[in-house]
Every structure is written in C-alpha cells, then in structure tokens.
Amino acid sequence: MSTINQLPPTPVSATSDNVVLVTGGSGLVGSALQHLIFSEPIGSSYGRKEGEEWVFLSSPECDLRNITQTQEVFRKYKPGKVIHLAAKVGGLFANMSSQHTFLRDNLLMNDSVLQASHESKVNKLVSCLSTCVFPDQVTYPLTEEKIHLGPPHSSNFGYSHAKRLIDIQNHAYHDQFGDQYTSVIPTNVFGPGDNYDLKDAHVIPGLIHKCYLAKQNETPFVVSGSGKPLRQFIYSRDLAKLFIWVLREYKEIDPIILSVGEEDEVSIREVADAIIESMGFTGPVEYDTSKADGQYRKPASNAKLTRLMRESGSEDFHFTPFKIALKESVDWFLENYQSAARIGMAGS
1 MSTINQLPPT PVSATSDNVV LVTGGSGLVG SALQHLIFSE PIGSSYGRKE GEEWVFLSSP
61 ECDLRNITQT QEVFRKYKPG KVIHLAAKVG GLFANMSSQH TFLRDNLLMN DSVLQASHES
121 KVNKLVSCLS TCVFPDQVTY PLTEEKIHLG PPHSSNFGYS HAKRLIDIQN HAYHDQFGDQ
181 YTSVIPTNVF GPGDNYDLKD AHVIPGLIHK CYLAKQNETP FVVSGSGKPL RQFIYSRDLA
241 KLFIWVLREY KEIDPIILSV GEEDEVSIRE VADAIIESMG FTGPVEYDTS KADGQYRKPA
301 SNAKLTRLMR ESGSEDFHFT PFKIALKESV DWFLENYQSA ARIGMAGS
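Here the sequence shown stands for residues 1 to 348, where the numbers follow UniProt numbering.
Right under this line is the structure:
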C-alpha cells in the first residue's frame with residue numbers, strides 16, 4: 001500500500017486545559033476576541049478564566065497549510081482548546097477565478113488544524129463556517145440541518161465545499177475517536193478591524209469606505225443597487241462573546257448558527273443611512289439601480305442559539321443595537337484610516 005500521503009508520526013504532547021489557541025488571530029473575529037479577552041474582567045462570563053492563557057496565531061508565525069509547521073505550533077503551545085478562524089477568503093471575482101486555490105488552501109488548513117488537534121489531544125475545537133455552505137436552492141429561513149441538502153452556489157463552490165467539509169470532519173473525528181469538535185455559522189459579520197479594501201470588501205465596510213471618500217472629495221455617496229435587500233448583520237464583538245459561550249457551554253458536534261433574529265434584519269438603505277449619520281456626511285446620496293441587488297432576503301434562524309443560551313443560564317448576553325455597533329465600526333475606521341483603507345484585514 002502506498003504511503004506517499006501518510007502523515008509523519010508525531011509525538012503526543014501533553015496539553016494544558018488553560019491554553020486556548022486561536023488561528024486567524026489577527027482577523028476581524030480574531031481581533032474582536034482579543035479585544036474581549038483583554039478588556040473583560042478575569043473570571044467574568046466572557047473574560048479569561050483565572051490562570052487561562054490565550055494565544056492568537058497569525059499567518060507569519062505558521063503556514064497552516066503545512067502539516068509539519070502546524071504540528072510544531074501545537075507542540076509549542078500545547079493548547080487544550082482551539083478556536084479555528086483561519087481561512088483563505090476573497091471577494092466574488094477572486095472566488096470565481098480561483099476555485100481550486102480556495103478549495104485546496106482551505107482543505108489543507110482545516111485538515112492540518114483538525115489533525116494536529118487530534119494528535120495533541122485537544123479537548124475542544126470550534127471552527128468557523130460561513131452561510132455560503134448552505135445549498136444554493138434552499139427553503140428559508142436557514143437552519144442547521146439544511147447544510148447538506150444540495151450543492152452551494154457555483155460562484156464560490158471551492159471555498160464553500162472546503163468549509164462544509166469541516167462539519168463532516170468533525171463528525172468523523174467524533175465518531176471514530178470521541179473528539180469534541182464542532183463548528184459555528186455566523187451571518188454577515190462586521191466591526192472594527194474589518195476588510196475595507198474597495199475591491200473585495202463586504203457591504204458594510206465597503207459602504208463605510210465609500211462614504212468616507214465621498215465626504216473627503218465632496219462627491220455623491222453612491223450605493224450600489226436599490227437599497228431594498230434585507231440582511232442579518234452580527235457585530236464582531238457580539239460574535240466574540242458567542243464564540244466564548246460555544247467554547248465553554250455548547251456540547252453538540254452539529255454546527256450552530258450565530259446570528260441576530262430574523263426580526264432584526266436591516267435593509268441596505270438603513271445601513272447606508274446609519275453610516276451617513278455616523279460619518280456626519282451631508283452630501284447627496286445616490287442609489288445606482290443599474291447594479292444588481294442580489295437576493296432580497298437570506299434569513300437564518302437563531303432559534304437553536306437562543307434556546308440553548310437560555311437553557312445554559314446565559315441571559316446576560318444581549319446583541320449590541322445595530323446603530324451603536326455601526327457607530328463603533330465607523331469610529332474605528334476613522335481612527336485607523338491610514339492602515340484600514342490600504343490593507344485587507346480579514347485575516348488568515
């Protein structure tokens with residue numbers, strides 16, 4: 001039997017239950033976790049536990065596509081728990097033109113992290129999926145059991161399948177070895193440290209940057225489309241709290257959707273209005289209806305999340321009101337414009 005692709009044997013290192021390793025630690029969600037862990041009081045619901053050490057890993061320290069480098073990092077830090085956020089991400093054009101790259105890079109990263117976690121006897125691993133894992137043709141609202149009911153949208157099938165496979169891997173590791181691996185599915189994330197690159201930014205950071213330039217250049221603020229589509233947006237610092245809850249309280253292998261409720265959908269026009277107010281923009285606003293709106297709604301149900309948080313006694317968690325979260329995001333962008341406007345900070 002060929003052994004060309006066999007992983008090299010790795011000595012098992014003792015893990016420390018007090019060490020939490022976060023991959024993609026410098027990205028949008030990783031930076032929100034850092035802010036939370038180092039600003040909340042030790043011992044609080046969403047702060048560090050007494051004696052707990054958090055390690056935020058970024059790509060310069062380790063190429064997670066490389067199993068050997070990944071194993072070395074796990075031997076170095078000996079994590080007892082892992083939050084896996086690292087991914088190769090990109091905009092629509094990048095996905096469409098590089099399906100194989102997005103598929104292979106993410107497959108390799110995910111396999112390295114899960115296998116190194118298994119070899120190191122990590123006690124709990126939480127990976128981050130995306131709503132793009134859901135089938136292109138699906139009934140709404142999205143719920144956790146619908147992930148594998150059909151193929152994802154063809155525009156990013158490489159990335160989507162790689163992310164979807166994490167759920168399969170989690171179940172395989174659990175069924176064969178009893179490993180406690182699970183995953184979360186956030187809806188549209190925004191917040192400080194986002195990717196504001198106009199070429200591939202998501203809707204909120206893209207509009208923030210465009211509004212800033214319109215104010216500076218005294219030109220109209222142009223919003224693509226009619227502004228009518230509705231979306232569920234989750235503030236990155238709220239999402240960070242939910243990651244802590246999943247790490248400590250969520251017991252299932254099946255994924256869980258992390259989102260505001262369907263009743264908290266906001267329109268793109270409401271997003272633009274909130275940005276205009278936060279930015280103090282007083283110029284003309286135009287909606288370019290020659291640009292496609294995309295899907296009108298893509299609602300996801302957070303019923304499972306709210307039920308389990310209630311059962312676990314986590315009534316102290318509340319989503320940040322959208323306008324407040326948006327204002328904090330705009331303020332961060334203005335304070336960090338020189339770096340934020342030039343560098344995509346979505347993290348890997």
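Beta carbons are placed, not taken as given, at the ideal position from N, Cα and C, and that holds for glycine.
Since we're looking at a predicted model, the values are computed, not measured.
(request) Would you check if the stretch 249-258 and the stretch 317-335 touch, i.e. whether three or more CB-CB distances between them fall below 8 Å? (result) The stretch 317-335, when compared against the stretch 249-258, does not touch it at the 8 Å Cβ threshold.
(request) Check each candidate in Cys132, Thr289, Thr182 and Cys62 and name the one with the smallest Cα separation from Glu249. (result) Thr182
(request) With DSSP as the reference, please indicate the residues paired to Asn188 in a beta bridge. (result) Phe233
(message) At the level of alpha carbons, what is the spacing between Phe74 and Val22?
(response) 11 Å
(request) Taking all protein chains shown into account, decide if Lys81 is buried (16 or more other Cβ within 10 angstroms of its Cβ) or exposed. (result) By the 10 Å Cβ count, Lys81 comes out buried.
(request) Would you identify the three-state DSSP class for Thr23, choosing helix, strand or coil? (result) The three-state secondary structure of Thr23, taken from DSSP, is strand.
(request) Leaving aside the five residues before and after residue 387 along the sequence, list all residues of the same chain whose C-beta is less than 7 Å from its C-beta, in chain order. (result) Because the chain spans 1 through 348 in this model, residue 387 falls outside it and cannot be assessed.
(message) Using CA atoms only, rank isn't needed, just tell me which of Gly24, Val55 and Leu308 is closest to Ile37.
(response) Val55
(message) In chain order, what are the residue ranges of uninterrupted beta strand (DSSP E) at least 3 long that sit wholly in the stretch 232-294?
(response) 233-235, 256-258 and 285-288
(message) What ranges does the beta strand (DSSP E) occupy inside the stretch 161-186, keeping only unbroken runs of at least 3 residues that lie completely in it?
(response) Runs of the beta strand (DSSP E) inside the stretch 161-186: 181-186.
(request) Please work out which residues of its chain come closer than 6 Å, Cβ to Cβ, to Trp332, disregarding the five sequence neighbours upstream and downstream, and give them in chain order. (result) Pro192
(request) Determine the direct distance from the alpha carbon of Thr187 to that of Ser154, and round the result to whole angstroms. (result) 19 Å
(request) Assess, as a yes-or-no matter, whether the stretch 274-281 is touched by the stretch 112-126 under the definition of 3 or more beta carbon pairs within less than 8 Å. (result) no
(request) Measure from the alpha carbon of Thr101 to the alpha carbon of each residue in Gln180, Ala116 and Phe157, then state which is nearest. (result) Across the set Gln180, Ala116 and Phe157, the C-alpha of Phe157 shows the shortest separation from the C-alpha of Thr101.
(request) May I ask you to verify whether the stretch 287-303 touches the stretch 212-226, counting CB pairs closer than 8 Å and requiring at least 3? (result) yes
(request) Give every residue of the same chain whose Cβ lies closer than 8 Å to the Cβ of Gly51, excluding the five residues on either side of it in the sequence, and list them in chain order. (result) Asn18
(request) Ignore the nearest five residues each way along the sequence and tell me which others in His202's own chain have a CB closer than 6 Å to its CB. (result) none
(message) When you compare the stretch 31-47 with the stretch 232-250, are there three or more beta-carbon pairs, one atom per stretch, that lie closer than 8 Å?
(response) yes
(request) Mind reading off the beta-carbon distance from Ile166 to Ser127? Whole number of angstroms is fine, and I expect it under 8 Å. (result) 5 Å
(request) Let me know the secondary structure DSSP gives Asn106 once reduced to three states. (result) helix
(message) Going by the DSSP bridge assignment, what does Lys88 pair with across the sheet?
(response) Bridge partners of Lys88: none, in fact.
(message) Taking a contact to mean a Cβ-Cβ separation below 8 Å, would you say Ala340 touches Tyr196 in this structure?
(response) Contact: yes.
(message) Considering only DSSP beta bridges, list what Pro41 is partnered with.
(response) Answer by DSSP bridge pairing: none, since Pro41 is not bridged.
(message) Please report the distance separating the alpha-carbon of Lys49 from that of Glu40.
(response) Cα to Cα, Lys49 sits roughly 10 Å from Glu40.
(request) Take the Cβ of Leu149 as the centre, count every other Cβ of all protein chains shown within 10 Å, and call the residue buried at 16 or more, exposed below. (result) exposed
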